[in-house]
Amino acid sequence: MPKKLVLIDGNSIAFKAFYALYQSMDRFVNSQGLHTSAIFGFNRMLDKVLETEKPTNVLVAFDAGKTTFRTKMYDDYKGGRSKTPTELSEQFPHLKDLLTARGIKSYDLPDYEADDIIGTMARKAEQSGDYKVVVVTGDRDLTQLTSDKTTVQVSKKGVTELETYTPKYVEEKLGVKPDQIIEIKGLRGDNSDNYPGVQKVGEKTALKLIQEYGTIDNLYDNLDKVSGKKLKEHLVEDKDKAMLARTLATINRDAPITIGLEDVIYDGDDSDKLIAFYESMNFKSFLEDVEDSKQVSTPIEYTTLTEDNLSELSQFTDEVSVHVEMDGDNYHTAEIVGFALGSGDKWYASNNADLLISPEVKSILESESISKNVFDVKKTVVLLNRVGIELANVDFDMLLVSYLLNTSNNSNDVATLAKTYGYRNVKTDEEVYGKGAKRSIPVDKPEFLAHLVHKVSAIDQLHDKMFEQLEEHNQTKLYREIEIKLAFVLAKMEIAGIKVSPDKLEQMGSKFKERLSELELEIFNQAGEEFNIGSPKQLGKILFEKMKLPVIKKTKTGYSTSVDVLEKLAPDAPIVQYILDYRQLSKLLSTYVDGLLKVIHKDDSKVHTRYLQTLTATGRLSSVDPNLQNIPVRTEEGKRIREAFVPSQPGWQMFSSDYSQIELRVLASVTGDKNMQAAFKAGEDIHAETARRIFHLDSNEDVTPNLRRQAKAVNFGIVYGISSYGLANNTGISRKQAAEFIDRYFEEYPGVKKYTEDIVKFARENGYVETVSNRRRYLPDINSKSFNLRSFAERTAMNTPIQGSAADIIKIAMIRMDEALKAMKTKMLLQVHDELIFEVPDDELEEVQQLIPKIMDSAFKLEVPLKVESHYGKTWFDAK
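Here the sequence shown stands for residues 5 to 884, numbered as in this note's numbering.
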């Protein structure tokens with residue numbers, strides 16, 4: 005059976021891949037900010053060629069540089085080409101890494117081009133007599149290599165659609181034999197490679213002459229037979245150019261290469277390297293393909309834990325990895341169905357949750373001397389608390405560490421995260437349990453316990469590797485002093501819950517329903533008919549066809565009835581305001597009245613939210629089941645929802661402490677702006693002070709509410725990198741005025757302007773930005789060619805260190821608060837952005853009024869003072 009050598013023109017295929025995906029290039033950026041479009045397209049070509057050709061030998065040839073023997077012959081060879089885009093040039097080193105992972109040799113040779121390497125290797129293969137040769141390129145010049153043993157495949161559309169050239173096809177397509185291609189180029193030259201041929205001789209004339217005379221040499225031997233006086237003159241004048249052009253066009257098939265056919269034997273992919281490479285490039289589709297073909301499933305030996313062998317757990321005295329499995333998403337209510345624990349090569353697993361509370365297991369979990377490694381410490385703490393276990397001395401939380409290393413690596417599946425760090429001997433829950441309606445945990449089958457052991461082993465195996473990366477990122481302190489401690493604080497808050505009065509909610513619900521009926525009648529009266537107010541299609545017909553209101557925006561399915569559209573129509577059409585009120589009240593009723601009533605726990609009349617610690621890119625916490633951070637504050641009805649949140653005991657108060665303008669204080673500190681810092685240090689109203697500065701008011705002149713509102717919009721807008729267009733929209737002023745305000749703002753606060761410039765520069769150079777606690781956010785689009793993507797990344801670069809640092813500060817305050825309240829009855833219940841909510845017994849109220857603001861004020865040392873505003877009352881509403 006003949007061998008097959010595939011030779012790939014690395015540079016031309018990379019260029020083709022890059023430009024084929026040019027329009028969608030901004031999608032091809034990995035989490036480190038590297039553009040990957042050429043690598044992705046090149047790999048698609050590899051997949052197709054390797055599958056189709058099934059080669060025994062493969063080589064990818066690259067150009068060694070711009071200087072070659074051809075540039076020595078002709079200085080301006082390829083001189084007209086534009087500079088390679090940095091988005092492409094940055095990919096070449098990684099492209100070679102891809103080839104290594106695919107088990108493919110790459111090669112370049114000083115003073116020679118990739119074409120010459122390919123031509124020389126093809127000749128060696130042909131002369132050996134054992135090989136068929138396939139050349140893959142984006143450059144039709146290589147079709148000169150076509151022979152009875154060598155075919156040349158030229159990419160047509162993108163890089164995966166290839167046109168195959170054989171000697172016969174070359175003659176049919178080009179009208180000459182393969183060895184005559186260089187003769188054509190000698191006569192007409194080559195614009196792309198920037199060398200001339202004979203003046204006034206183009207493609208058609210060159211083809212006609214070579215078809216008639218065969219070669220340039222024979223043409224000049226028979227010049228007297230050539231018709232056309234001018235053509236003869238040009239041929240005579242430019243003979244040297246023709247000879248040079250032919251030489252430049254001729255692929256050197258005797259280049260001094262240092263590799264042979266035995267050096268490019270192809271044995272297939274190096275799966276481990278390839279998976280790691282795909283992971284680093286964020287190539288999910290390729291990753292799935294290779295993982296499907298190489299599913300690692302090395303069995304791990306374990307012992308099924310029973311009451312009879314519990315004594316064996318005494319061997320664990322220093323460190324143990326633990327995983328507790330539940331059936332469901334909400335760990336406050338989901339059933340515990342099994343657990344696994346162990347270390348090194350000693351593993352135990354059980355589907356009997358009752359064994360968790362056996363003295364042997366419980367003592368390990370509660371031990372202060374045995375360190376524990378887990379996946380999602382907060383979930384584990386809450387689950388174990390439900391069976392009376394207080395988890396202690398957790399060293400490693402795989403989920404938290406992964407999130408800190410890269411905020412996009414926050415999957416709740418052990419296997420998904422493990423694969424990100426190169427560990428694949430664990431399946432996803434979906435692979436084992438199924439998904440959706442088909443999901444079923446086979447607790448009574450051996451594969452269930454095996455799955456738990458593989459999970460806990462992954463945690464154990466990645467402990468050192470992930471901690472090393474954390475140290476490299478200078479984030480160990482962030483993890484140990486903030487995030488892991490906060491997880492325990494949040495668990496305690498979630499377990500405590502917050503009491504909600506169902507009677508109060510039901511009273512509100514009745515009032516809301518009554519008001520909704522009134523609004524419905526008003527809307528029907530004004531419309532002149534009844535219709536489904538919740539249907540955008542029916543509402544659109546009423547407003548824009550029947551009532552002839554001006555159409556502001558259309559959608560694919562009809563008229564837009566979005567909030568922004570209705571708000572523009574409301575001043576001139578009373579029905580629209582009624583519709584807005586109806587929508588708002590309907591949401592309050594369904595989401596916050598009925599929604600909260602559904603999640604009040606029957607045993608303690610409380611709601612137990614879950615805080616998502618690893619969701620947001622800035623480090624801010626989120627709240628779900630229910631979301632208690634999203635209760636409306638702008639409308640009176642929305643605010644009233646807080647009346648249902650009450651202390652858990654009589655004689656107690658709800659107590660709220662809120663950081664005042666924390667993001668602007670962080671901005672003043674981080675930027676070092678002296679004017680902004682002076683205003684905060686003097687206790688000034690920062691928005692009024694900004695108004696005085698940008699509107700050039702005297703110090704004793706009163707700032708009107710409207711001017712303060714506009715200044716406030718600028719203050720907060722600057723933090724988010726607002727444009728003049730955005731500011732104009734937010735404030736109702738003209739775009740020109742908005743631009744003037746922003747310019748004046750930067751004149752008055754030059755430190756802020758310098759910060760915005762410096763932080764964007766840092767992001768461009770490093771691919772990420774950081775908070776005061778070294779929390780990173782990667783910005784893959786910061787150097788994007790797309791204006792929109794790049795602009796968004798720049799705004800994110802400006803905002804993240806500010807918003808993220810504010811999040812860090814309140815987290816530090818919560819940790820210190822938890823410590824300070826240990827000896828007291830007062831409980832910290834909720835965190836809502838910059839606000840902390842407590843329940844306080846009356847006899848501790850006086851102490852708490854001093855203690856809580858003091859701890860929050862001193863949580864982090866800024867260049868300006870932190871300010872905390874506190875209130876209390878019988879309900880959360882009263883405390884606000």
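Built from N, CA and C at the ideal position, the CB exists for glycine as well.
message = Do Arg799 and Ile786 have their beta-carbon atoms positioned less than 8 Å apart in this structure?
response = no
message = Within 10 Å of its beta-carbon, does Met512 have 16 or more other beta-carbons around it, so buried, or fewer, so exposed?
response = buried
ask   = Could you give the distance in angstroms between the alpha-carbon of Lys136 and the alpha-carbon of Val460?
value = Cα-Cα distance, rounded: 51 Å.
request  = Kindly indicate which three-state DSSP category Gly346 falls into: helix, strand or coil?
outcome  = DSSP places Gly346 in strand when its eight states are reduced to three.
ask   = Helix, strand or coil for Asn719 per DSSP?
value = helix
message = How far does the beta strand (DSSP E) with Glu873 in it extend, from its first residue to its last?
response = 872–877
request  = Have a look at Thr168, Lys161, Phe290, Gly162 and flag the residue whose alpha-carbon is nearest the alpha-carbon of Thr154.
outcome  = Thr168
Closest by C-alpha distance to Asp194, when choosing among Thr251, Val139, Asp228 = Thr251
task = Report yes if the CB atom of Leu227 is closer than 8 Å to the CB atom of Leu213, and no otherwise.
result = no
task = Starting from the C-beta of Thr775, find all residues in its chain whose C-beta is less than 6 Å away, skip the five residues before and the five after it, and write them out in chain order.
result = Pro805, Gly808, Ser809, Asp812
query = On the three-state DSSP scale, how would you describe Tyr753?
reply = coil
inquiry  = Quick check: the segment 376–386 against the segment 481–499, are at least 3 beta-carbon pairs closer than 8 Å?
reply    = yes
message = Going by DSSP in three states, Gly133 sits in which element: helix, strand or coil?
response = coil
message = Assuming Arg697 is part of the alpha helix (DSSP H), what are its boundary residues?
response = Per DSSP, Arg697 belongs to the alpha helix (DSSP H) from 690–698.
request  = Assuming Leu583 and Ile645 form a contact by the criterion Cβ under 8 Å, report the distance between their Cβ atoms to the nearest whole angstrom.
outcome  = The residue asked about is misnamed: residue 583 is Ile in this sequence, not Leu. Actually they do not touch by this definition, with Cβ atoms about 22 Å apart.
C-alpha gap between Ile579 and Lys560, whole angstroms = 25 Å
Opening and closing residue of the beta strand (DSSP E) in which Val62 lies = 61–65
task = Determine the direct distance from the alpha carbon of Ser373 to that of Ala18, and round the result to whole angstroms.
result = 56 Å
query = According to the neighbour-count rule (16 or more other Cβ atoms, all chains shown, within 10 Å of its Cβ), is Glu571 buried or exposed?
reply = exposed
inquiry  = On the CB-based measure, 16 or more other CB atoms within 10 Å of its CB, does Val62 come out buried or exposed?
reply    = buried
query = For the putative contact between Ser412 and Val650, defined by C-beta atoms under 8 Å, what is the C-beta separation to the nearest angstrom?
reply = Their Cβ separation, rounded to whole angstroms, is 39 Å, which puts Ser412 and Val650 out of contact at 8 Å.
key: Where Glu339 falls: helix, strand or coil (DSSP)   = Strand, per DSSP.
message = For Phe343 and Ala353, I'd like the C-alpha separation in whole angstroms.
response = 6 Å
ask   = Just reading off the alpha helix (DSSP H) that Tyr582 is part of, what are its end residues?
value = 578–591
message = Please state whether the Cβ-Cβ distance between Leu701 and Val718 is less than 8 Å.
response = no
task = Report buried or exposed for Pro450, applying the criterion of at least 16 other Cβ atoms within 10 angstroms of its Cβ.
result = exposed
query = Identify the residues that DSSP records as bridge partners of Lys832: which are they?
reply = Correcting the residue identity first, residue 832 is Met in this sequence and not Lys. Paired residues: Phe842.
message = Given this structure, state the Cα-to-Cα distance separating Asn778 from Gly264, to the nearest angstrom.
response = 51 Å
message = Please state the DSSP three-state secondary structure of Ser661.
response = Note: Ser661 maps to strand in three-state DSSP.
message = Let me check understanding here. Comparing Cα to Cα, which of Leu619, Val324, Asp822, Arg428 lies closest to Val378?
response = Val324
key: N- and C-terminal bounds of the alpha helix (DSSP H) containing Glu372   = Note, Glu372: premise wrong, no alpha helix (DSSP H); not H, not E.
message = In whole angstroms, give me the CA-to-CA distance for Asp677 and Glu744.
response = 20 Å
Gln184, enclosing beta strand (DSSP E) - first and last residue = Per DSSP, Gln184 belongs to no beta strand (DSSP E) and is neither H nor E.
Alpha-carbon to alpha-carbon, Ala396 and Leu309 = 22 Å
key: Cβ pair count under 8 Å reaching 3, the segment 32–48 against the segment 279–292   = yes
ask   = Leaving out five residues before and five after Val64 in sequence, what residues of the same chain have Cβ atoms less than 7 Å from its Cβ?
value = Ile12, Gly14, Leu103, Ile108, Ser110
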